[in-house]
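Student: Protein chains in written order, with my numbering: chain A, 1 to 365; chain B, 1 to 425. Think of the CB as a built atom: it goes at the ideal place given N, C-alpha and C, for glycine as much as any other residue.
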Amino acid sequence: MSAACPACGEPLEDGASFCEACGSQVGAAPTAADVRPEPTDEAPLTVDDLIVSTALGRGAARQHAPRPCVACGGTVGADGWCETCGAKQPKERDHFRETPAPWVAGVCDRGLVHEDNEDAMALSAEPAPGSRAVLVVLDGVSSSVDSDVASLAGARAARDALATGLPQGAGTPEARQAAVARTLADTVAAANAAIVDTTDPDSPHPASATFACAVVEGADLWVATIGDSRVYWVPDDGEPLLVSTDDSGAQLQIDAGVDRETAEHGPHAHTITKWLGVDAPDLVPRTAYVALDRPGWVLACSDGLWNYVSEPIALGDRVSSLVAGGATTPLDLALGLVAFANASGGHDNITATLARVGDTDPTTA
Amino acid sequence: MAEFSATVFQNEYLPDGGTDVNAIVTVSCAGAGTAGQTGAGAAGEIIIVDTSGSMGPMTMRAAKEAASAALSEIVDGTWFAVIAGSHQAMLAYPNVSSGPGMVRMDASTRAAAQQAVSNFVGSGGTAISTWLDLAGRLFASVPQVTQRHAILLTDGENRESDHMLTEAIQRATGYFQCDCRGAGTDWQVGEVRRIAQALLGTVDIIPEPEEMEQQFRAMMQASMARGVADAQLRVWTPQGAQVLFVRQVSPTVEDLTARRTEVNALTGAYPTGAWADESRDYHVAIRVAARAIGQEQLAARVQLAVDDQVVTQALVKATWSNNTDLTAGIDEQVAHYTGQTELAAAIQEGLAAKASGDDATATTKLGRAVQLAAATGNAEATTKLRKVVDVVDEREGTVQLKAAINKADEMALDTASTKTTRVKR
Numbered sequence: 001m002s003a004a005c006p007a008c009g010e011p012l013e014d015g016a017s018f019c020e021a022c023g024s025q026v027g028a029a030p031t032a033a034d035v036r037p038e039p040t041d042e043a044p045l046t047v048d049d050l051i052v053s054t055a056l057g058r059g060a061a062r063q064h065a066p067r068p069c070v071a072c073g074g075t076v077g078a079d080g081w082c083e084t085c086g087a088k089q090p091k092e093r094d095h096f097r098e099t100p101a102p103w104v105a106g107v108c109d110r111g112l113v114h115e116d117n118e119d120a121m122a123l124s125a126e127p128a129p130g131s132r133a134v135l136v137v138l139d140g141v142s143s144s145v146d147s148d149v150a151s152l153a154g155a156r157a158a159r160d161a162l163a164t165g166l167p168q169g170a171g172t173p174e175a176r177q178a179a180v181a182r183t184l185a186d187t188v189a190a191a192n193a194a195i196v197d198t199t200d201p202d203s204p205h206p207a208s209a210t211f212a213c214a215v216v217e218g219a220d221l222w223v224a225t226i227g228d229s230r231v232y233w234v235p236d237d238g239e240p241l242l243v244s245t246d247d248s249g250a251q252l253q254i255d256a257g258v259d260r261e262t263a264e265h266g267p268h269a270h271t272i273t274k275w276l277g278v279d280a281p282d283l284v285p286r287t288a289y290v291a292l293d294r295p296g297w298v299l300a301c302s303d304g305l306w307n308y309v310s311e312p313i314a315l316g317d318r319v320s321s322l323v324a325g326g327a328t329t330p331l332d333l334a335l336g337l338v339a340f341a342n343a344s345g346g347h348d349n350i351t352a353t354l355a356r357v358g359d360t361d362p363t364t365a
Numbered sequence: 001m002a003e004f005s006a007t008v009f010q011n012e013y014l015p016d017g018g019t020d021v022n023a024i025v026t027v028s029c030a031g032a033g034t035a036g037q038t039g040a041g042a043a044g045e046i047i048i049v050d051t052s053g054s055m056g057p058m059t060m061r062a063a064k065e066a067a068s069a070a071l072s073e074i075v076d077g078t079w080f081a082v083i084a085g086s087h088q089a090m091l092a093y094p095n096v097s098s099g100p101g102m103v104r105m106d107a108s109t110r111a112a113a114q115q116a117v118s119n120f121v122g123s124g125g126t127a128i129s130t131w132l133d134l135a136g137r138l139f140a141s142v143p144q145v146t147q148r149h150a151i152l153l154t155d156g157e158n159r160e161s162d163h164m165l166t167e168a169i170q171r172a173t174g175y176f177q178c179d180c181r182g183a184g185t186d187w188q189v190g191e192v193r194r195i196a197q198a199l200l201g202t203v204d205i206i207p208e209p210e211e212m213e214q215q216f217r218a219m220m221q222a223s224m225a226r227g228v229a230d231a232q233l234r235v236w237t238p239q240g241a242q243v244l245f246v247r248q249v250s251p252t253v254e255d256l257t258a259r260r261t262e263v264n265a266l267t268g269a270y271p272t273g274a275w276a277d278e279s280r281d282y283h284v285a286i287r288v289a290a291r292a293i294g295q296e297q298l299a300a301r302v303q304l305a306v307d308d309q310v311v312t313q314a315l316v317k318a319t320w321s322n323n324t325d326l327t328a329g330i331d332e333q334v335a336h337y338t339g340q341t342e343l344a345a346a347i348q349e350g351l352a353a354k355a356s357g358d359d360a361t362a363t364t365k366l367g368r369a370v371q372l373a374a375a376t377g378n379a380e381a382t383t384k385l386r387k388v389v390d391v392v393d394e395r396e397g398t399v400q401l402k403a404a405i406n407k408a409d410e411m412a413l414d415t416a417s418t419k420t421t422r423v424k425r
């Protein structure tokens, strides 16, 4: 009998060290905590790297510490292929992970169809579980130039703009809400400025991107979005919620009374009506607030994931089954969601970022 | 400073279960400079002239002029020597009996060497093993010479037991390169080709004495243009893969498969000798384990290494696909050179069959050669074949052996059999 991959559930070949489907390492005694080497920890990807490599033209090699082959663990050559088994290696921009604290993690992946990964994410978190976390997801628009560079720069600028926390003690709830909204608007402006900074002023197709950020502070979840990247709240017990509202053709249909399923599969469903970039229509995000009153998951993601599980209930079921399958850490759950999107076709870049709130072990909930 | 580049031509798509990856890799060199002038070590040239008794007066006079012309092409500063070969090898120049057996070229050594050559007298037999061995000893007497090249002229069959020559070739292999020429029609193409192939040189026939001077001049010019003393072709393959073959396919077909030396467990090195400003094509065939549809992997890194440094690399890939539009096509370059390799074999096998009196096999093989030469656009082979066979139907490969064949034409077909043409890119 063959075993199944703990990350994505695909059957494993006998004696396999890695899952053929999602690339997860599977040891002799696989555990959910048993995650593979994280290239981003050893050799952080910097915006400067990307900008320099873009200036030199695509394919200019970035010098990074050697990383292990995703297939056999051998050494990867400077040409991007394994020196032992010849397996093709993902570019670091094509698949990267962040785990700023054990309760917060994200995975940003090229998917299977697109040539480049124009999604980006940037995360930060305080060490204490459930204390404070920032999840930022940007989805670069493929029809524009260097969206991969722009989206990463924008994501990091947004994360850094939120480094000091949301305003506290502003008197009335209304006053605080207004203060938070200003901070979120400033965050969007910072992300936009970073994108504009990376854009060639003469570019015929200037970089543009969607924007989603989720800020967890104790029992508060604040959300700001532009475009169609999303934030969901998936409590362990209770109904999952789509917190954000898209700026998209589909949302216009939904606002006009069409049901979500129909709207999201209609013509122009994926046309976004707002975005960041030199040609951004405006920089006013849609904001939302949710009181996190029980244990659960905050998920910020790109459409590369939600295209396959748009309905909050479907997404909640997917999360539950992955958690039940052993993906109990945020990183494993993010990997599982990305593997699921790839197994569903991987038609777009995929980003899944998660914060675990309410407790540290969702299996005890 | 020489610059190398490599380009790969292949159809990387394999069908489900496919294992064999074929690719043509073109390696080009620019800025090679001049032999011995690039600071990487001195160059040495040895001219070996057959002075056996079989050399007729016309041939001997032509050989003297040819050797003299070759001497005038050797760049000043190059170490050189001249060997007179018969049943034994004699150091004709420099006139020394101990110490270094080569001197550096300048106006006075050139004049003295040309004087020595003019005194050649034909006598004795032919023992080519002694010529090669003396050349090896002369090169070894000047350790600073790191680029070693010889020109060998013979007019007759080697008159010693075969293993003597075989062992001498083995001693010289990997130590010096040697271009070989046969004068007239009394020498054995197979024998001389064996020397030239092992020593990474060319072989050709000089049917008429008056062509000799020009050929010698050209050979020496070509050698002097090789500013990169030595390079290795390296082929990395993934763990578990098998190298089916590695061939040079342009400008000539040379099977290098058996000449592999190990660089590491996954990488083999194949000799390529010295390089001028030129490009050469290599055909590599690798067998890898089949992978799932959609998987992509590297089947080979094909590299050129100079002084153990990789100077250029091309990547040979494999991608498994269930799209027959992608997997069915054979790369044009691969198909072309597969045909040219078969052409060389068909010519050599056909001529060997003819020599042994098996006219039926000769007719079939040379017919196939005519067909392949036409199909791959090798005009030189077509011209040479038509001097040996009467073509009934080129497309079908139907031929008849000519009743009377000029021996020189037959030998010229044989020596040129490995020359290939390039396909337009």
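So that I know if they touch, is there some Cβ in chain A lying closer than 8 Å to that of B/Q170?
Tutor: no
Student: Going by the CB atoms, is the gap between A/F211 and A/P267 shorter than 8 Å?
Tutor: no
Student: Which residues bound the alpha helix (DSSP H) around B/Y282?
Tutor: First-last for B/Y282: E278 to R287, but that is the beta strand (DSSP E), not the alpha helix (DSSP H).
Student: Which of the three DSSP states, helix, strand or coil, is assigned to A/E83?
Tutor: coil
Student: Would B/V302 and B/Q309 qualify as a contact pair, given that the criterion is a beta-carbon distance under 8 Å?
Tutor: no
Student: Have a look at the DSSP bridge pairing and note the partners of B/I47.
Tutor: DSSP output for B/I47 lists B/V82 and B/I151 as bridge partner(s).
Student: Buried or exposed for A/G57, going by 16 or more other Cβ atoms inside 10 Å?
Tutor: Residue confidence for A/G57 is low, a pLDDT of 33 falling below 50, so the modelled location carries little weight; the figure read from the coordinates is stated next. A/G57 should be labelled exposed.
Student: Going by CA-CA distance only, name the one from B/M220, B/A62, B/Q214 and B/P238 that's closest to A/G74.
Tutor: B/P238
Student: Assuming A/L354 contacts A/G106 (C-beta within less than 8 Å), just tell me the rounded distance between them.
Tutor: About 7 Å separates the CB atoms of A/L354 and A/G106; that is less than 8 Å, so the two are in contact.
Student: So with Cβ pairs under 8 Å, would you call A/C69 a contact of chain B?
Tutor: no
Student: Three or more C-beta pairs closer than 8 Å, one from the segment 203-218 of chain B and one from the segment 286-305 of chain B: is that the case here?
Tutor: no
Student: Which value, in whole angstroms, describes the spacing of the CA atoms of B/R291 and A/D202?
Tutor: 45 Å
Student: Using a C-beta cutoff of 8 Å, does A/A324 count as contacting chain B?
Tutor: With respect to chain B, the C-beta atom of A/A324 has no partner C-beta closer than 8 Å.
Student: Would you check if the distance between the CB atom of B/N158 and the CB atom of B/L152 is smaller than 8 Å?
Tutor: No, the Cβ-Cβ distance between B/N158 and B/L152 is not below 8 Å.
Student: At what residue ranges does the segment 196-223 of chain A contain a whole run of the beta strand (DSSP E), taking only runs of 3 or more?
Tutor: 211-217
Student: Chain A partners of B/E296, CB-CB under 8 Å?
Tutor: K88
Student: Measuring CA to CA, which of A/G77, A/G238 and A/V231 is closest to A/D246?
Tutor: A/V231
Student: Residues of chain A with CB under 7 Å from B/Q239, in chain order?
Tutor: T84 and C85
Student: Using the Cβ count rule (16 or more neighbours within 10 Å means buried), how would you classify A/T31?
Tutor: With a pLDDT of only 33 at A/T31, under 50, the local geometry of the prediction cannot be trusted, and the value read off the model is given with reservation. That one is exposed.
Student: Mind checking if B/A32 is an interface residue toward chain A, Cβ cutoff 8 Å exclusive?
Tutor: no
Student: Counting only Cβ pairs nearer than 9 Å, list the residues of chain B close to A/D79.
Tutor: Those are L298, R301, Q313 and L315, listed as they occur along chain B.
Student: Does the beta carbon of A/I350 come closer than 8 Å to any beta carbon on chain B?
Tutor: no
Student: What does the alpha-carbon distance come out to for the pair B/D393 and B/V189?
Tutor: Spanning the two alpha carbons is a distance of roughly 29 Å.
Student: Please work out which residues of its chain come closer than 8 Å, Cβ to Cβ, to A/A87, disregarding the five sequence neighbours upstream and downstream, and give them in chain order.
Tutor: C69, V70, A71, C72 and W81
Student: Quick one: what's B/N22 bridged to in DSSP?
Tutor: Its beta-bridge partners are B/A285.
Student: Nearest-angstrom Cα distance between A/E265 and A/I272?
Tutor: The question names Glu, but residue 265 of chain A in the sequence shown is His. Rounded to the nearest angstrom, the two C-alpha atoms are 14 Å apart.
Student: So which of A/C85, A/T84, A/A78 and A/M121 has the shortest CA-CA distance to A/N349?
Tutor: A/M121
Student: Can the beta-carbon of B/V249 be found less than 8 Å from the beta-carbon of B/H283?
Tutor: yes
Student: What's the C-alpha gap between B/G65 and B/T154?
Tutor: The question names Gly, yet the displayed sequence has Glu at residue 65 of chain B. The straight-line gap from Cα to Cα measures roughly 15 Å.
Student: Which class does B/R260 belong to by DSSP, given the choice of helix, strand or coil?
Tutor: For B/R260, the secondary structure class from DSSP, reduced to helix, strand or coil, is coil.
Student: If we count Cβ pairs, one from each stretch, closer than 8 Å, do we get three or more for the segment 10-30 of chain B versus the segment 46-58 of chain B?
Tutor: no
Student: From A/E83 to A/Q89, what does the alpha carbon distance come to, in whole angstroms?
Tutor: 11 Å
Student: Taking the alpha-carbon positions, what's the A/G325 to A/D237 distance?
Tutor: 17 Å
Student: Can you check DSSP and say which residues form a bridge with B/Y13?
Tutor: B/T319
Student: Looking only at DSSP bridge pairs, what is B/M439 linked to?
Tutor: Summary: the structure shown does not reach residue 439 of chain B, with chain B confined to residues 1 through 425, and so no result is reported for it.
Student: Could you give the DSSP three-state label for A/P100: helix, strand or coil?
Tutor: DSSP places A/P100 within a strand segment (E or B) once states are collapsed to three.
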